[in-house]
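Here the structure is laid out as structure tokens; the discussion comes afterwards.
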Amino acid sequence: MSLSQPSASSPLIATDGAAGSVARHGLPAAAAGVGAGLIVVLLMWAGSLGFRTFDAALIGYAVGTIFAAAAIVYRYTLWIMRPPTWRYFKAGWVNFFSWRNFRHYTLLIPVAWWRDIFAQTFIRKRSTRRWVMHLCLFWGVVLSCCITFPLTFGWFRFTFVPPNDYQLWFFGLPLLRFAVEGLLGFTIYHGLDWTAALLIVGLVLAFGRRIQDAGLLTLQRFTFDLMPLVLLFAIAVTGLALTASSTLWQGRFYWFISLTHEVVVVAWLLALPFAKFFHIIERPASIGVTLYQTVNQESSADGESCKRCGRELPSRQFIDDLRGTLTDLGQHYDLGDGQGWLQEYCPTCKRVLRGQAYYQLMGKRFL
Amino acid sequence: MAIKTMFVDPSRCIGCRACEAACRECDTHKGESMIMVDFVDRRHSVATQPTLCMHCEDPVAPCAQVCPVLAIMITPEGVVQQAEPSRCIACRNCVYACPFGVPKIDLEARLMKKCNLCYDRTVQGLKPWCAQACPTGAIWYGDYEEFINQRRGHPVRRTVFGDQEVRTRVFHVLPEPADRLDVSALLRQARQDLSREEVREEAWVLD
Amino acid sequence: MSVNKDVFERHRDFNYDFQSAGSPPSGWADAAHLPETFVPTHCAFCGVQCGMFLRVRDGQVVGVEPRDYPHNRGNLCPKGVLAYQQVDHPDRLRHPMMRRHGKSSPLERVSWDEALDYVARRWQDIQAAHGRDAVAVYSGSSMTNEKCYLMGKFARVGLGTRHVDYNGRLCMSSAAGGYDKAFGVDRAPLPMTDIPLAKCILIAGANVGECFPIVTRWLWEARDNGARLIVMDPRETPTARTADIWLPVKPGTDVAVLNAILRVLVHEGMVDEDYVGARTSGWEAARQAAESFTPEVAEMLSGVPAERILAAARLYGQADPSLIMHARGIEHSSHGVNNVLACTNLALARGQVGKPGGGTMMLTGQGNGQGGREVGQKASQLPGYRHIDVPQDREYIAGVWGISAEDLPWEGASALEQVHLMAKGEIKSCLVVCSNLMVSLPENATVQRALSNIEPLVVIDFFQSETAELADVVLPGTVWCEDEGTTTNLEGRVIKINRAVEPPGEARTDWEIVCDLARRLGKGPLFPFTSVRAIFDEMRLASKGGTADYYGISWEKIDAQEGVFWPCPSEDHPGTPRLHTERFGHPDGRARFFPLEYLPPAEEPSPDFPFRLTSGRVVYHYLSGNQTRRIGFLNSQAPEPWVEIHPQAAGRLGISDGERVRVRTARASMELPALVVPTIRPDTLFIPFHYGHRQAVNQLTNPAVDPTVKIPEYKACAATVERLDAPPPEHAGRAKVNFTAEDTPRLFPYEVGETKAPISPGKAH
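Protein chains in written order, with my numbering: chain A, 94 to 460; chain B, 58 to 264; chain C, 11 to 775.
Here you go:
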């Protein structure tokens, strides 16, 4: 079974030559995965001062995280080894370390991070409502992770400083001291409640879209498109219920709720490298592609142009890399007679070429 | 073969772009057309040709194979889907790899879009919008036997570019029995004919 | 389609550009919501009237869905797909507007009461001072039968004016006149579904692929069955491209070719003598008139090679059944009726008319072009195709309308004549409904002068058309799916349009506006209508016993039978899909042949104007473009006009493809991009006509008209084309003028339905 398959029960199969990729790169990828798992363990050990500050109640989360890290790295490695990805990966770094990049594009990467990852302005071009929805989900998840992971790994801990202060420790270092009853304290205890609320806003928008939009209604797949939302919703709701249990319900159902929460969170962690959530891991690649496109486009002195109409093509390196990728995949679209590769024509001209071939065959005949 | 698919016969095309207009009515990409009508060469003829995604089967979906982020997926029936919006990073590999010039890309929205064979309509037993609207049958939807029974011409599903053969889910309709549409060979012929073009001008138009 | 949109934006990269097809206004972009209801109706554009469903949600039309109707089988052309986007369009007129302080003041928003009171008061004053005929009604055919009927009645009963005419005059009057003369019934004699039965189809002057994309469906089906196709057109249209024979005729010389074909039929024994003897009259004269048209003579006159004419004649003459389809290409002519009769002569000589799949078929252009000309808004007609100068017809209609026949006005001026009367000052005010004269009438400088010369010019429209811009009072009407009613398509099939949504803002349906005006003119009791159905029922009664008899048609029957073909004289009558199967419409039951001489177009090339200029349609636009130019996708495909010119001519003049050039006639000049293509005769120029102001080809066209039916000669005038840097001409130049509007030879003595002279004394004009 191809690992790039979005999900076992999904009607979609991604065909990307990954089956061959598993055969060729399976072992190194597995090794990288195991390595990553070990590194996480090591970090836990270091952050919790040799497990002394580790909260044993969080053992489920910790183990889930270790396995998730291993799976993510395994999957990432396999993905990066695919011919088209590898070309971009390599060229992206080459461009990154090029003098031209540092000289002319110092701001390119920070701006790209801001635009593509933090502000996600491209989603706004798809639709403003989707943009708001996705920002809520993105920041809800990211902030939750920023709170949860350090807690789980024992990187954060709190100690009581009489008479009425708390001391926050990070990696064994004192970070912040605040009043137990103060506003800051309240905000910190309920940090995950705020992020959960943010998540729920995003989820409501997302569900709303998915039950109203006629196009989505027919196209969406439960496992691929809806399951992730359900999972996030379960995490947010059980998380809030934990707070509710401790503050409103005098701790009733606490054990049951916390177990449920743990189960859904671990399920989410393990789902990260697959299906819809894969985009979380893959998305930063767009930074590399931006770099690739900008730096290369600039470098080809007079630009690369379509062999027929003369319209601008992305860049010489792009066309060469694409031909290389296709060759790796065993495909050769060489038209012969010095007409070049099909990839050296713009999309319109490719269509017109086929039209002309057909016209040569048909002339003014009618079928 | 009871599989329903598309048959493209440019000889019947009148260039009205009803398919383009109709494609935009699809709920999944409202307002954007995924089918293209092109003039073959307006300097010589009014001949036009519609292009929709051919849904390549062998090699399977070159667009998906060159996608660095696994954004293009294929249904078990062999329908190549447009890019998964959460993954597409608008690198344009698919746009230039596609031998038929099909994928369209919105660089600002970082999203490739292409024909999904109107999945939303076909699951309900409806024809895809373009074939539904097409007044001339240049775009025709149905299965192979139906086509053979109802129409003239010989559908082929193999297109050749130089040494590369591509088998597609969608058929081209050819005038004579043939096993494939050899684009590069025909283009070579066309270039040879073009060098002898002066002869073809008819006397009557010389006023 | 003859042009690619990159002609208009040379430097745009259409590879990536999603917006290049015109983004829909926001309402439709977000409208991917599930519709609540599907309203069955028909397309608003063109005479085919394809069946469609409108997708409606929250009181808004959000899309379209195919409808498997007998004549379009679920197919739609681009106009049909996008017709729904005019409904909630931001340009819609939502409230009445008026120039409160004369022509130079701006149009400002007023209440319905103020606008209608003003109009009614002005009309009463004008009619008191200058007579009833000083107010005219200029109507249109792109609206339901009920509205068209009401316009005729309103003019003659509400206003009591003789001057009522409609834009079908510019469209179908040649075909109507021709069929009336030849067959005695003005209707395509067979349904579209018969087309696949034909074994040979001759298309004369119809760009079927662009103007009637859905008819192509049946045409191609006929070819699938082995039919041969002959296309007569000065341009190699998409239909002509794959035709068996293309006859590239000089604009305006069609009779030469058609007569030559008739002569070949005679000389090669392909005339159906039995049929001619039993069912027709006048053959001998027609045969003799064709005798001088050898293929060589025809080649000399028309520019079509003699061998092609011969080959076409043989293809046509050997096929049975054979069908001739014709449209504005031959009809927009100063002898348009002749051209149509040349077609009917051929079909009658072959004994085809009345056979399934055989005969002739006019391709009606406007949405309700067929129905609009039957229900009495034409200057010479009363409802049911009755003639206004036949005493029995007058009596009958006066009875239905509840007035005395004495009070029923006589025939008035035709469309173009109305304009001349406005320019002369005889007509002081006009109500324009469903028409855009500034784009659609020839030589529009005169039109502009005429419209500026009247006060008030009252326009009912739903968009601010080029004509409404000149109006003193603009009243907001409804688009087709905001009202219900019937239309009659180009086959004579009466179909039902349904209401999908409410009119926007203060807009009202046209029939309510007109009834309201009638009330304010003191004629309320004669216009007691509270529903469209009530108008339909009166119209049915008015048509009873007429040629176009709707009496037996009901809305329920239309739904049950998927359209009813008139005549349908009684409730148990199923309608008449095929006409002339037993007898023709003339009293003796015989069809008529007509002897036809060749007459050149009114204006021909001269050294100053060496080209023949012809105009025509683009698949993306409808009529004056007032609707389609506002719909993003359609407009983006053809946002402005262009001139098609052959490479040989362009080479001689140093014009390159895409260059802006100047086209001049004796009347005016305009600048537009050149499309240098070999798909047009080298002596001919083509410009599409859907555009307004400085882009209107009707600045250039010749206002000569056919003397009997008054259709303008849009399709042929003398012109020249030059580069923009060419020196300005020393004098305007002279075309070879064969006739003018005044002295065009009369082809026939005036007959019933054409007379200007009222029969009863004292009413003379």
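Glycine residues also receive a C-beta, built at the ideal position from the N, C-alpha and C atoms. Just so it is clear, the structure is predicted and the values come from calculations on it, not from any experiment.
- Annotation: the continuous beta strand (DSSP E) that includes GLU75(C) extends over 70–76.
- In the DSSP assignment, THR252(A) forms a beta bridge with GLN260(A).
- DSSP, reduced to helix, strand and coil, places CYS440(C) within a strand of the structure shown.
- Interface flag for ASN150(B) against chain A is set, since a Cβ pair is found closer than 8 Å.
- Spatial neighbours of TYR385(A) in its own chain (CB-CB distance under 7 Å, excluding positions within 5 residues in sequence) are listed in chain order as TYR181, ALA184, GLY185 and ASN188.
- Taking PRO466(C) as the centre and dropping the five residues before and after it, the same chain places the C-beta of VAL129, ARG132, SER439, ASP482 and VAL483 closer than 7 Å to its C-beta, in chain order.
- Judged by beta-carbon spacing, VAL137(B) lies beyond the 8 Å limit of ILE146(B), meaning their Cβ atoms are not closer than that value.
- For ALA128(B), there are no neighbours in chain C by C-beta distance under 7 Å, as the nearest C-beta there is about 17 Å away.
- Secondary structure of TRP342(A) (DSSP, three-state): coil.
- Residue pairing from DSSP places TYR148(C) in a beta bridge opposite ASP175(C) and VAL442(C).
- Interface criterion met: the Cβ of MET93(B) is under 8 Å from a Cβ in chain A.
- DSSP lists no beta-bridge partner residue for GLN246(B).
- Boundaries of the beta strand (DSSP E) around ARG670(C): 670–674.
- In summary, ARG110(C) is exposed, with fewer than 16 beta-carbon neighbours lying within 10 Å of its beta-carbon over all protein chains present.
- The straight-line gap separating the alpha-carbon atoms of GLY278(A) and TRP287(A) is approximately 14 Å.
- Put simply, the stretch 491–509 of chain C touches the stretch 570–583 of chain C. At least three CB pairs are less than 8 Å apart.
- Under a criterion of Cβ atoms nearer than 8 Å, the residues of chain A adjacent to LEU44(C) are, in order, GLN305, ALA307 and LEU310.
- Taking the CA atoms as reference points, GLU341(C) sits about 43 Å from CYS172(B).
- Taking the Cα of ARG222(A) as reference, the smallest distance to any Cα among LEU428(A), PHE300(A), LYS443(A) and VAL323(A) is reached at PHE300(A).
- Residue VAL123(B) holds the alpha-carbon nearest to the alpha-carbon of LEU422(A) among PHE228(B), LEU164(B) and VAL123(B).
- With a 10 Å radius around the Cβ and a threshold of 16 neighbouring Cβ atoms, HIS590(C) comes out buried.
- Within its own chain, the residues whose Cβ lies closer than 6 Å to the Cβ of ASN235(C), once the five positions on either side in sequence are excluded, are PRO206, listed in chain order.
- Here GLN571(C) has PRO584 and GLY585 as same chain residues with Cβ atoms under 8 Å from its own Cβ, once five neighbours each way along the sequence are excluded.
- Residues of chain A with a Cβ closer than 8 Å to the Cβ of GLN246(B) are, in chain order, GLN453.
- Secondary structure at ARG444(A): helix, using DSSP grouped into helix, strand and coil.
- Within the stretch 170–222 of chain C, the complete alpha helix (DSSP H) runs of at least 4 residues fall at 183–192 and 218–221.
- For ASN748(C) against ALA612(C), the beta-carbon gap comes to about 6 Å, under 8 Å, which counts as contact.
- Residue contact with chain C for VAL103(B): present (Cβ-Cβ distance below 8 Å to some residue of chain C).
- Taking 3 residues as the shortest admissible run, the stretch 260–317 of chain A contains the following complete beta strand (DSSP E) segments, listed from N- to C-terminal end: 266–272.
- Per the Cβ contact rule, the stretch 251–258 of chain A is not in contact with the stretch 200–209 of chain B (fewer than 3 Cβ pairs under 8 Å).
- Three or more Cβ pairs closer than 8 Å define a contact, and the stretch 616–623 of chain C falls short of that threshold against the stretch 294–307 of chain C.
- For LEU64(C), DSSP records a beta bridge to VAL49(C) and VAL74(C).
- No Cβ of chain C is located within less than 8 Å of the beta carbon of PHE204(B).
- Spatial neighbours of VAL127(A) in its own chain (CB-CB distance under 8 Å, excluding positions within 5 residues in sequence) are listed in chain order as ALA163.
- Ranked by Cα distance from VAL65(B), the options LEU243(B), ARG226(B) and GLN246(B) are led by ARG226(B).
- Of the candidates PHE621(C), SER625(C), CYS181(C) and HIS703(C), the residue whose Cα lies closest to the Cα of GLY743(C) is PHE621(C).
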